[in-house]
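Participant: UniProt numbering numbers the first residue of the sequence shown as 1 and each following residue consecutively. Dumping the structure here so I can ask a few things about it.
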Amino acid sequence: MNIINYEFKILTKVPVSNKLRTAGIVAMMLVAACQSQNTPQHISGVDAGKLFFASTPAVVPEPSTDKLDQVRPLRYKPDGTDFVIKNGTKRFNRALYGTPTAFRVEAGDLPEFLLYMPNKGGNLKLGIATDKGDKWLIEAADIKAIYRPGTMLYEIKDPMLGEGQLNLQVLAMADDEGMVLSLETTANTTPFELIWTYGGASGHRPARDGDIGADPEEGFYLHPEHCKGNVFSLQNNSFRLGFEIGKKNADTYEEDITGVEDKGAQIYGVVAPGNVLKLGDSRQQNSPTALYQSEKSELPVVVGQQRLKGNQKVYFGLQNNLNTKPKTYNELPGVFQKAEESRKKAASHIKLETPDPFFNTFGGALSIAADAIWDGQSYMHGAIAWRMPLNGWRGAYVADALGHHDRARTHFRGYAKAQVTSPASGPVVPDQERNLARMEEKLGLSLYTSGYISRNPSSKHVAHHYDMNMVFIDQLLRHFLWTGDKAYLQEAWPMLERHLAWEKRNFDTDNDGLYDAYASFWASDGVQYSGGGVTHSSAYHHFSNKTAARLAALIGKDPKPYEQEAAKIIKAIESTLWMPEAGVYAEFKDLLGLQKLHPAAALWTVYHTLDSQVPDPFQAYQALRYVDTQIPHIPIKCADLPEENLYTLTTTNWMPYTWSVNNVALAEVAHTALAYWQSGHTEEANRLMKSILIESMYMGSSPGNLQQLSYYDHYRNELYRDFADGIGVSSRALVEGMFGIQPDMLAEELTIRPGLPAAWDHALLETPDIKYSFRRDGHKETYLLEPHFGKPLKLKFRAAALGDKVASVKVNGQPVKWTAYAEAVGTPQIDIVPAVAATYEVEITWAGDKPAAPAHQTIAAKGANLEVDFGKAEVQELKDTQGIVAGSDQKKNKVEVKLAGQEGHRTFFVRTTQGDLSWWQPVNVELREPFRLISTTGPDEAQLRVELQNNTSEALNKEVEVFVGNYKQKMKLQVPAFTSSAAIVVPALHLKPGTNQVQVSSGNETLAAASITNWHVPIATAKAAPKWETLDLTAHFNDNVTQIFKNEYLTPRPTSATLQLPKQGIGNWCYPLVTAEVDDSGLRAKAGEAGKIALPNGLPFKTTGPGTGNNILFTSQWDNYPTKAAVPLQGSASHAYLLMAGSTNPMQSRFDNGEVVVTYTDGTQDKLVLRNPETWWPIEQDYYINSYSFTSSKPKPIRLHLKTGDVPTNFKYASIQGFAYDSYIPGGAATVLDLPLNPAKKLKSLEVVALANDVVIGLMGVTLVRN
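Written out as structure tokens, the structure is:
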């Protein structure tokens, strides 16, 4: 796909009335362009990681109208291996594949069919007519549609058919690009006229090849205008349709891009003898009879009619007639049978049988989808949309996971030809035309030197904007684990060697062991690390170097360089990127500026580290605990499965949204499920995997679909069918995760770590590599393993314990030894390593009691004692990885710890023994302040309402005083342990608009204090009228706010090849020419010559009036402005109101972007942290806020629109193509923030500080409330 065609459309404003439709233009163009509180009142010097992981009580959200809260039905229901729907409403929502080409047959809930060439190749519509009337079959009274993976079947009933029914089955031909359909009537069917039509071969190619969520269903209807230029020839019971297929899309293979029209396409159709064929007028489709009786027009279709009665079967055949011999009608039964046999073979490539009907369809659906993304040369990025080779994405994992090792080798060999071998290195040249956001795409430059692998499997080397190497090589390395193919290893070694050198040369230029990531993973389109040290890419390279060392030794190469590099990487990750107190890896570390860690790790950071074998079992558990508690969970509410407790995950919690950041993607969640399996969290893994399969395959638009994005993706909605990343990762999740099949053919070993749901008493998986069956009978578990790897393998079997005693372990009928897995975390496990055999029957009989789980309070106060009861398990030792245990008292079956450390979700570990078992038990506790104040809402939004939350194990029963400014209220509070008080209400009369400091005390003890923000508080009445002083900052202003995106931010920038913020300070590497209009004319006009404005609530600010004079004090880590700037203050004040404006982006989300520091003459300070998203909003757009993936613990601040000078309450947002969606504010907006001050102290200065890279922090006005 030619990205340049799209990205040069710099700015498109889309009115809110044109919101992204299901098939929205903005959505399509975006994907085309790239293919994811209790803040103390005085915050000081808080580390970003510490602040992020604090347990922050959120503002209570308003009742949600979000679509994510809707209860949805199952559209499809499982029936054996079939997906069934009755009286569905969708057309062209299930693709059927035959040959390994882009050709497909479109079917759906309703029996109308379309050939996709890939271009619109015409529709086949069927209808019936009797003396009772006529109708198209899609209008029949009762339609049962069945997706049997690879085919669609229909059982159609209607009063016009009497007591009988029509049975239809449609298939894509096995050897030719064509469709074959059978129609059969049952015995008691009333005789009828079958009327059918075919036409509408427009040759049109929709933007995403007619895929769900990108192109509308209506585009595939038989529209009369699609019949223009169709030329028919009729002969007895056959016909030919000639048409032009139009221009090719510049996508599949770059060498195919010609931009010329291919003419002369032809469809050949054959129907049963007895049909009367004629040409009709496509505009007369109101009924079958009307169409049949119409006359040929300039918009023709072929129409046929045949009398049918009960117990008859007829066939329809349609095929691409350009290069194939037409089928005769007598051949159609054989063609149909061959297509069905081919389908059966493909669908049964893997067999899956379980007690859960929702999984029993998965084997066939996955097998067909795996075939659909294979084109004979390489794996495609998608079966429909994005049907093109992009070797760096995850589709190709399906090859080895499902036993298509020959396909894997073909894929890898094709790309070996695509690897550049010279020059050895080249200069780093940022692309000036793309505003430095990415590197110039030219062979011979740094990225496009020896080791770089082009996107197409051929010897034609083309510079492309993705690092396709990283994931591709990971697939290659895992191929060797699956096959042990040393002959191919010898062949592939030079490619691997060049790759490792290329990655090191380009992405670890400072040799610190941490690697940058250059568009090297699926969600990278909106992600840029600016040369930083990135966790997920460093993890990949640790695995690749560690594995390369093994491979080198096997073929007589020196393994030491790779061993040393792997050791360097793991040391760097551990020392730099692992955050021990938080228990998770940072997303990345900045290369420049303050070189801060970004603590808001994405899903990919967690699952890639586990997949690359970076963390130890304790780190793995903690990292997944981060997913449990910090990554947004969206409940999947299904009316038909109310007890299932289904959910899905967002990829990040970053804001503001742009494409690839903060999405809900099946592959990302499936990869997370695989990580849960890899760490032994089998129940959570199974629940998560079942959730996304039900949502995609049963609740979604297409039966058995493995989608790209979910319905629960707020901005993009459900998107695409049979998308390669989902297929590849789901295959690994099933085989490696659920069934735990992990071969290491290099060592001639087979590890089996079953991850089946505890509730299942049987399961079967059969692939070309192994037949694996499981059965549980009471306390006895039996696993039958029949490997087909070509040689006997040593078995390493690890089983989760059902009881604390192991009564017996037998393999192939003989007793064998077992050992307890010493580093088991969460669930006790045993290891079994029997003698090598061709097949293994592993029989484990458990006895004794169920392994105990810790019992304790899950919420505890800092400084409190927490008692943990391990039941029948005995305590052996304690491991405090997060520093939250200040002291401990260990007893036989209990441990009591004194808790310390940071607020938030925390974990420590206790090793226990029980019966024959020994394992580590995680103790998860949410650590809170003993008491804290929670903001709530009530009927009067101008009031301040808080609840005192008691997080201790004792009831609070005290007289307290509530202080807010000069206001004091006494009351008696009775708050049981671990509950909250009734609302404490402070009238608006005693409040300031914005932030008020609330303190609840008992005697000399402060129980809790918090800063509560409420902008609904009106300016006080005369009784408490504020004394405003609007500061004149003219002498301190250093620029005009309108300059913010007109500047060129050129330094400092990395000297290595990287993706980075475009030089104008907005956009991303996919949309490097984006800009946003900042127009302060309305603000200046309202300020007038007096240079003063007042907000609707009366709050005044002094600001520059008409003209072009400077009106903002900018700071930044860019050299354009100082990193900090101070304004002198004097006197005393109780409050400061700030008018601010600046920039931020998703890479700086959940992160301190800057701060405003007020210093007193005694040296003490008060600080306002400017944090995305809570207190720092981008000038060009508003954040979208909901209860799930886009949350903020602070209410929305006042936004002053610069172009109008207004504070609108019901603003109609616009969009910036590819960048901002229904959130853009033309002209930009400033943000009103505030900071309570200590009125007893003398003021010295106010300083504006920029902390984060890439952002600009600006101060436009300061208003003090004097004493």
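Idealized CB from N, CA, C, for every residue including glycine. Computed from a predicted model, the values in this text were never measured in an experiment.
(1) Please report how far the alpha carbon of P430 lies from the alpha carbon of L390, in whole angstroms.
(2) Go through its chain and collect everything with a Cβ distance to E684's Cβ below 6 Å, but skip five positions before and after it.
(3) Are the beta-carbon atoms of G1258 and I1093 separated by less than 8 Å?
(4) Cβ of F92 within 8 Å of Cβ of F220?
(5) Whole angstroms are fine: how far does the CA of Y488 sit from the CA of I555?
(6) Suppose contacts are defined by Cβ-Cβ distances below 8 Å. Is G1067 in contact with Y1049 by that definition?
(7) Using CA coordinates, which residue listed in E959, V735, S348 is at the minimum distance from Y772?
(8) Could you give the DSSP three-state label for G1082: helix, strand or coil?
(9) In this structure, how does DSSP classify E668 when only helix, strand and coil are distinguished?
(10) Residue ranges of each beta strand (DSSP E) run of no fewer than 3 residues wholly in the segment 290 to 378, ordered along the chain?
(11) Give me whichever residues DSSP pairs with H1201 in a beta bridge.
(12) Whole angstroms are fine: how far does the CA of I143 sit from the CA of W136?
(13) Identify the continuous beta strand (DSSP E) that holds W920 and give its terminal residues.
(14) Hey, would you say E581 sits closer than 8 Å to A600, going by beta carbons?
(15) Shortest alpha-carbon distance to A724 belongs to which of A758, T605, P815, D371?
(16) Going along the chain, which residues of its own chain have a beta-carbon closer than 6 Å to the beta-carbon of T421, five neighbours each way excluded?
(17) Secondary structure at S612, three-state DSSP: helix, strand or coil?
(18) Using C-beta distances below 7 Å, list every residue in its chain close to D400, excluding the 5 sequence neighbours before and after it, in chain order.
(19) For Q716, count neighbouring C-beta atoms within 10 Å of its own C-beta (all shown protein chains included) and say buried if the count is 16 or more, exposed if not.
(20) A1141: which of Y1188, A1125, L1095, A1230 sits nearest, CA to CA?
(21) So if DSSP puts Q742 in a beta bridge, which residue, or which two residues, is it bridged to?
(22) What beta strand (DSSP E) runs, 3 residues minimum, are completely inside the segment 1064 to 1112?
(23) Between A129, W493, R205, A174, which has its C-alpha nearest L308's C-alpha?
(24) Return the CA-CA distance between residue 1312 and L1059, expressed in angstroms with no decimal places.
(25) Please report the residue range of the alpha helix (DSSP H) in which R732 lies.
(26) Here's the rule I'm using: 16 or more other beta-carbon atoms within 10 Å means buried, otherwise exposed. How should H788 be labelled?
(27) Please state whether the Cβ-Cβ distance between D831 and T819 is less than 8 Å.
(28) Which of the three DSSP states, helix, strand or coil, is assigned to V833?
(29) Excluding five sequence neighbours on each side, which residues of the same chain lie with their C-beta closer than 8 Å to the C-beta of K417?
(30) Classify Q656: buried if its beta carbon has 16 or more other beta carbons within 10 angstroms, exposed otherwise.
(31) Please classify T1013: is it buried, with 16 or more other beta-carbons within 10 angstroms of its beta-carbon, or exposed?
(32) Would you mind giving the Cβ-Cβ distance between A639 and R72, rounded to the nearest angstrom? I have them listed as a contact below 8 Å.
(33) State yes or no: is the C-beta of Q165 within less than 8 Å of the C-beta of T190?
(34) To the nearest angstrom, how far is it from the Cα of T979 to the Cα of E874?
(35) For P635, write down the residues that DSSP places opposite it in a beta bridge.
(36) Could you tell me the distance, in whole angstroms, from the CA atom of A365 to the CA atom of P300?
Facilitator: Reading off the structure:
(1) Within the sequence shown, residue 430 is the residue found at index 430, counting from 1. Within the sequence shown, residue 390 is the residue found at index 390, counting from 1. Distance between the alpha carbons of P430 and L390 is about 23 Å.
(2) Walking along the sequence shown from the start, residue 684 turns up at place 684. Excluding its 5 nearest sequence neighbours in each direction, E684 has C-beta neighbours in its own chain below 6 Å: Y676, listed in chain order.
(3) Reading the sequence shown from its first residue, position 1258 is the one you call residue 1258. Reading the sequence shown from its first residue, position 1093 is the one you call residue 1093. Cβ atoms of G1258 and I1093: not closer than 8 Å.
(4) What you label residue 92 is simply residue 92 of the sequence shown in a count that begins at 1. What you label residue 220 is simply residue 220 of the sequence shown in a count that begins at 1. Their beta carbons are under 8 Å apart, which means F92 touches F220 by this criterion.
(5) Against the sequence shown, residue 555 aligns to sequence position 555. Against the sequence shown, residue 488 aligns to sequence position 488. One alpha carbon belongs to I555, the other to Y488, and they sit about 11 Å apart.
(6) The residue given as residue 1067 occupies position 1067 in the sequence shown. The residue given as residue 1049 occupies position 1049 in the sequence shown. Judged by beta-carbon spacing, Y1049 lies beyond the 8 Å limit of G1067, meaning their Cβ atoms are not closer than that value.
(7) As a working mapping, residue 772 is identified with position 772 in the sequence shown. Answer by Cα proximity: V735.
(8) In the sequence shown, residue 1082 corresponds to position 1082, counting from 1. The answer is helix: DSSP assigns G1082 an H, G or I state.
(9) Taking the first residue of the sequence shown as 1, we reach residue 668 at position 668. DSSP places E668 in helix when its eight states are reduced to three.
(10) When DSSP assignments are scanned along the segment 290 to 378, the uninterrupted stretches of beta strand (DSSP E) that are 3 or more residues long and fall wholly within it turn out to be 300 to 308, 313 to 320, 351 to 353.
(11) Counting from 1 along the sequence shown, the entry for residue 1201 is found at position 1201. The secondary-structure analysis by DSSP pairs H1201 across a beta bridge with A1229.
(12) Looking up residue 136 in the sequence shown gives position 136. Looking up residue 143 in the sequence shown gives position 143. One alpha carbon belongs to W136, the other to I143, and they sit about 12 Å apart.
(13) Walking along the sequence shown from the start, residue 920 turns up at place 920. Its beta strand (DSSP E) spans residues 917 to 928.
(14) Here residue 581 is taken as the residue at index 581 of the sequence shown, counted from 1. Here residue 600 is taken as the residue at index 600 of the sequence shown, counted from 1. In this structure, A600 does not lie closer than 8 Å to E581 by Cβ.
(15) Residue 724 sits at position 724 when you count from the first residue of the sequence shown. Answer by Cα proximity: D371.
(16) Counting from one through the sequence shown, the residue named residue 421 turns up at place 421. Excluding sequence neighbours, T421 sits near S450.
(17) Counting from one through the sequence shown, the residue named residue 612 turns up at place 612. Note: S612 maps to coil in three-state DSSP.
(18) On the sequence shown, position 400 is the one that residue 400 refers to. Leaving aside the five residues that flank D400 on each side, the residues in its chain whose CB is nearer than 7 Å to its CB run, in chain order, A408, R478, H479, W482.
(19) For the purposes of this step, residue 716 is identified with residue 716 of the sequence shown, where counting begins at 1. Rather than Gln, the amino acid found at residue 716 in this sequence is Arg. Classification of R716: buried, given that the 10 Å Cβ count is 16 or more.
(20) Looking up residue 1141 in the sequence shown gives position 1141. Nearest Cα to A1141 within the set Y1188, A1125, L1095, A1230: A1230.
(21) Translated into the one-based positions of the sequence shown, residue 742 becomes position 742. T751, per the DSSP bridge assignment.
(22) Uninterrupted beta strand (DSSP E) stretches at least 3 residues long and entirely within the segment 1064 to 1112 occur at 1092 to 1094, 1100 to 1102, given in chain order.
(23) Against the sequence shown, residue 308 aligns to sequence position 308. Nearest C-alpha to L308: A129.
(24) Residue numbering for the chain in the displayed model covers 1 to 1267; residue 1312 lies beyond these limits and cannot be assessed.
(25) As a first step, residue 732 must be located in the sequence shown, where it is residue number 732. Annotation for R732: the continuous alpha helix (DSSP H) segment containing it runs 724 to 732.
(26) Here residue 788 refers to the residue found at position 788 when the sequence shown is read from its first residue. Counting Cβ neighbours within 10 Å, H788 comes out exposed, since fewer than 16 surround it.
(27) As a working note, residue 831 is residue 831 in the sequence shown. As a working note, residue 819 is residue 819 in the sequence shown. In contact: D831 and T819 (Cβ atoms closer than 8 Å).
(28) Counting from one through the sequence shown, the residue named residue 833 turns up at place 833. It is coil, neither helix nor strand.
(29) Taking the first residue of the sequence shown as 1, we reach residue 417 at position 417. Hits under 8 Å: P457, S458, S459.
(30) Taking the sequence shown and counting its residues from 1, one reaches residue 656 at position 656. What sits at residue 656 in the sequence shown is Pro, not Gln. With 16 or more other Cβ atoms within 10 Å, it is buried.
(31) Mapped onto the sequence shown, residue 1013 falls at position 1013. Buried, by the Cβ-count rule.
(32) As a first step, residue 639 must be located in the sequence shown, where it is residue number 639. As a first step, residue 72 must be located in the sequence shown, where it is residue number 72. With 8 Å as the limit, A639 and R72 qualify as a contact, their Cβ atoms being about 7 Å apart.
(33) On the sequence shown, residue 165 is found 165 positions in, with the first residue counted as 1. On the sequence shown, residue 190 is found 190 positions in, with the first residue counted as 1. Cβ atoms of Q165 and T190: not closer than 8 Å.
(34) Within the sequence shown, residue 979 is the residue found at index 979, counting from 1. Within the sequence shown, residue 874 is the residue found at index 874, counting from 1. Approximately 32 Å between the Cα atoms of the pair.
(35) Counted from its first residue, the sequence shown places residue 635 at position 635. According to DSSP, which records beta bridges pairwise, P635 is partnered with Y647.
(36) Counting from one through the sequence shown, the residue named residue 365 turns up at place 365. Counting from one through the sequence shown, the residue named residue 300 turns up at place 300. Taking the CA atoms as reference points, A365 sits about 38 Å from P300.
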